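Asks: Going by this note's numbering, the first residue of the sequence shown is number -3, and it counts up by one from there. Built from N, CA and C at the ideal position, the CB exists for glycine as well. Given the structure is predicted, the values throughout are model-derived calculations rather than measurements.
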Amino acid sequence: MEHPTNQPRPVTVVTGGSRGIGAATCVRLARDGHDLLLGYVADADAAERTAAAVRAAGARCVTVRADTSVEADVERLFDTAAAALGPVTGLVNNAGVTGPLGKLADARTEDLRRVVEVNLLGYLLCCRRAARDMAGPGRSGGAIVNLSSAAATLGAPGDYVHYAATKAATDALTIGLSKELGPAGIRVNAVAPGIIDTDMHAAMGDPDRPAKAAAAIPLGRPGEPSEVAAAIAWLLSPDASYTTGTVLRVSGGR
């Protein structure tokens, strides 16, 4: 749904926007009329490819290298968005890490710490700054979408229970913050993807994981990033104006 031409274009910060679900979300939001601040942690080439696709869809896009677990980087993301694009109206909290696949007993402490710092502290820092900006003087609200996971309720035994734990925390953050910010006109929701066909699985050490998981998925296949992006776009849109505190599962039935 395109934004009305007589209204200011939404300005949305997307963290982890260079690849996978984040990249698909940036392109989808651009088509829906958003201008975008694309945050990425390392792959500048991938970020620029996504930014080019966003601009080709008619939107403005600024890329910023940032680690969302670092407070100063989060502040710079939002400061840059406001200076280059205008007041921020939306946040997609997407940047996340899993660490290697395996049992908790075998996990390295540094991997556990990194997962908690990015997936939980990073989300909290981004939500805190978004809340401050969207509820500021003269502001009329906004919308936040946090990326959760079906692992939050499945637990991911043998794969990454530590990651699942941070996603359960994401669900609690979403529900609590939606109640806290609702009176300010700020909606807070989450999307919980199942197995999605992205390069995240290769990074975890199991590139064939989506195909192998298909038999356990009621719809019989892994999801596509664009299918998750569509759910995120809906939650940010005026069509979801009465939806807050919701965790929308996009998991093929798992």
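Report yes or no: do the region 60 to 70 and the region 19 to 28 share at least 3 C-beta pairs separated by less than 8 Å?
Replies: No: fewer than three Cβ pairs fall under 8 Å.
Asks: Cβ atoms of Gly138 and Met130: under 7 Å apart, would you say?
Replies: Closer than 7 Å, so yes.
Asks: Report the partner residues of Leu244 according to the DSSP bridge assignment.
Replies: Answer is Val187, bridged to Leu244.
Asks: Under the three-state reduction of DSSP, which class applies to Gly164: helix, strand or coil?
Replies: It should be noted that the sequence gives Ala, not Gly, for residue 164. Helix, per DSSP.
Asks: With DSSP collapsed to three states, give me the class of Arg252.
Replies: Nothing can be reported for residue 252, as the shown portion of the chain is limited to -3 through 250.
Asks: Start and end of the alpha helix (DSSP H) containing Leu120?
Replies: Leu120 -> alpha helix (DSSP H) spans 118 to 130.
Asks: Would Arg125 and Val70 qualify as a contact pair, given that the criterion is a beta-carbon distance under 7 Å?
Replies: Yes. Within cutoff.
Asks: Rounded to whole angstroms, what's the CA-CA distance from Leu143 to Asp167? Just pull it up for me.
Replies: Rounded to whole angstroms, Leu143 to Asp167 spans 9 Å at the Cα level.
Asks: If you reduce the DSSP assignment to three classes, tell me which class Asp31 lands in.
Replies: Residue state, collapsed to three classes: strand.
Asks: Any contact of the region 206 to 217 with the region 174 to 188, i.e. 3+ C-beta pairs under 8 Å?
Replies: No, they do not touch.
Asks: Taking only three categories from DSSP, how would you classify Asn89?
Replies: Here Asn89 sits in strand by DSSP.
Asks: For Arg183, count neighbouring C-beta atoms within 10 Å of its own C-beta (all shown protein chains included) and say buried if the count is 16 or more, exposed if not.
Replies: So Arg183 counts as buried.
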